[in-house]
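Asks:
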Amino acid sequence: MISTFEVIIRLILSAIIGGLIGMEREVNNRPAGLRTHILVTIGSALIMLISIYGFDNLGKSGDPARLAAQVVNGIGFLGAGTIMRNGNDIKGLTTAASIWVCGGMGLAIGGGYYVGGLATAAIVLYCLMGLGTFEKRLVKKKYKGLILKCTERAGLVGDVGQVFGANNITIKDIKIFRNTDEDNCQMDEFQEDIEEKVIDIQFMLKTCVQFSKIDFNNEIKKVKGVQQVIWND
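Going by the UniProt record's numbering, 23 is the number at position 23 of the sequence shown; the sequence numbering is gapless.
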């Protein structure tokens with residue numbers, strides 16, 4: 001059995017490396033931040049300590065990897081809660097992966113494998129803080145999200161599609177939402193026919209390399225009924 005001091009050191013060290021990664025996620029306004037990563041890492045370290053040293057009085061016939069395996073399974077559910085999908089846009093995968101690797105680092109530190117835990121922490125921090133900018137420069141986003149706020153009319157989508165075609169833009173997904181509220185729902189039928197209806201048309205687009213948002217915005221606003229152009233990059 002290790003000393004009380006060694007137990008405390010392992011728990012504190014696991015909290016520190018988890019906190020560093022959580023801080024980076026917190027700064028970038030991600031679903032799981034500082035406290036979540038600390039709790040995952042220190043909890044994993046504690047479970048590893050229990051798995052290795054908690055049953056010494058029962059002999060050496062136990063398998064320390066059993067509790068550790070359950071940690072990996074449990075963290076999978078926690079990480080899944082940070083993943084959000086909006087159409088074809090998926091966010092939270094990096095945060096889910098950081099939570100998962102924090103569990104692994106906690107297990108490593110809890111098991112006394114300091115070199116592995118600390119080296120992993122350094123690599124993870126470099127990936128999160130250093131590679132983000134590099135990745136954005138190297139690989140441009142494949143699809144772009146676009147929302148057009150328009151006055152509903154016949155032939156609107158067709159006219160918008162012609163502008164897309166002229167700019168070599170491929171439509172991967174399209175959704176139309178009508179802006180309604182409680183007051184509009186209580187209107188008389190003849191009032192609904194008279195008033196212009198505003199709709200949101202959401203597109204997922206694939207653009208060419210030479211695509212210019214400024215030129216496209218100026219062109220799409222000339223389409224009758226288009227009121228506002230919003231990009232979701």
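Using N, Cα and C, we set each Cβ at its ideal position, and we do this for glycine too.
Given the structure is predicted, the values throughout are model-derived calculations rather than measurements.
Measuring only the C-alpha atoms, how far is residue 212 from residue 23?
Replies: Taking the straight line from one Cα to the other gives about 36 Å.
Asks: Going by DSSP, name the residue or residues bridged to residue 150.
Replies: In the DSSP output, where bridge partners are listed per residue, residue 150 has 199 and 226.
Asks: Residues in the same chain with beta-carbon distance under 7 Å from residue 216, minus the five sequence neighbours each way, listed in chain order, please.
Replies: Excluding sequence neighbours, residue 216 sits near 167.
Asks: Would you kindly work out how many angstroms separate the C-alpha atoms of residue 46 and residue 106, rounded to a whole number?
Replies: Distance between the alpha carbons of residue 46 and residue 106: 8 Å.
Asks: Suppose the cutoff is 6 Å on Cβ atoms and the five residues either side in sequence are ignored; what does the same chain contact list for residue 110 look like?
Replies: Cβ neighbours of residue 110 beyond the five flanking positions: 10, 45, 48 and 49.
Asks: Sort 219, 5, 152 and 164 by Cα distance to residue 197 and report the nearest one.
Replies: Here the closest residue by C-alpha is 152.
Asks: Run the CB neighbour count on residue 20, radius 10 Å, all protein chains shown included, and call it buried at 16 or more, exposed below.
Replies: Flag for residue 20 reads buried.
Asks: Beta strand (DSSP E) containing residue 177: first to last residue?
Replies: Where residue 177 is concerned, the enclosing beta strand (DSSP E) stretches over 170-178.
Asks: Relative to the C-alpha of residue 171, which residue among 206, 222 and 123 is closest?
Replies: Among 206, 222 and 123, the Cα nearest to that of residue 171 belongs to 206.
Asks: Between the C-alpha atoms of residue 230 and residue 74, what's the straight-line distance to the nearest angstrom?
Replies: Each residue's alpha carbon lies about 39 Å from the other.
Asks: Excluding the 5 residues flanking residue 84 on each side, which residues of the same chain have their C-beta closer than 7 Å to its C-beta?
Replies: Within the same chain, residue 84 has close Cβ partners 91 and 92.
Asks: Tell whether a beta-carbon distance below 8 Å holds between residue 147 and residue 179.
Replies: Not a contact, by the Cβ cut-off of 8 Å.
Asks: With distance defined between alpha-carbon atoms, name the residue in 143, 165, 25 and 72 nearest to residue 219.
Replies: Selected option, being the one with the closest Cα: 165.
Asks: With DSSP as the reference, identify every bridge partner of residue 84, one or two as the case may be.
Replies: According to DSSP, residue 84 bridges with 91.
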